[in-house]
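*Asks:* The following block contains the structure, expressed as structure tokens.
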Amino acid sequence: MNKSKVCESCGRTIEYRKKWALNWESVKYCSDECRRNKKNFDYRAAILEKLSTRGSGKTICPSEVLSHDQKADTTMMEHVRRSARLLANEGKI
9 MNKSKVCESC GRTIEYRKKW ALNWESVKYC SDECRRNKKN FDYRAAILEK
59 LSTRGSGKTI CPSEVLSHDQ KADTTMMEHV RRSARLLANE GKI
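In the working numbering, the protein residues as written are 9 to 101.
Here it is as structure tokens:
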């Protein structure tokens, strides 16, 4: 049995826990916050669009995906990072 999986909300690794033995297949989120937010803030398309304008092997800062008003908001920056982790786990970046 695979002892880890990827959170569907933030892309972090979820490690197997004995308390989940009976329902490990249904575990999708690493935390209550991820379960609540699910995919309220999905920046995957915006990240791919921004990266497509760059050369191969180039990177972007999460703030480049956000609007001017959101750039100082650390919570919104984390949502962009979550989307980037999901893309990495999907093998798209």
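We put the beta carbon where it would ideally sit given N, CA and C, even for glycine.
Between the segment 69-86 and the segment 52-61, do three or more beta carbon pairs fall short of 8 Å?
*Replies:* The segment 69-86, when compared against the segment 52-61, does touch it at the 8 Å Cβ threshold.
*Asks:* Nearest-angstrom Cα distance between R25 and E16?
*Replies:* Cα to Cα, the separation comes out at about 17 Å.
*Asks:* Going by DSSP in three states, V73 sits in which element: helix, strand or coil?
*Replies:* Coil at V73, not helix or strand.
*Asks:* Could you pull out every residue in the same chain whose Cβ sits closer than 6 Å to the Cβ of R93, ignoring the five residues on either side in sequence?
*Replies:* The residues are G19.
*Asks:* Taking only runs of the beta strand (DSSP E) that begin and end inside the segment 13-62, which ones reach a length of at least 3 residues, in chain order?
*Replies:* You should have 21-23.
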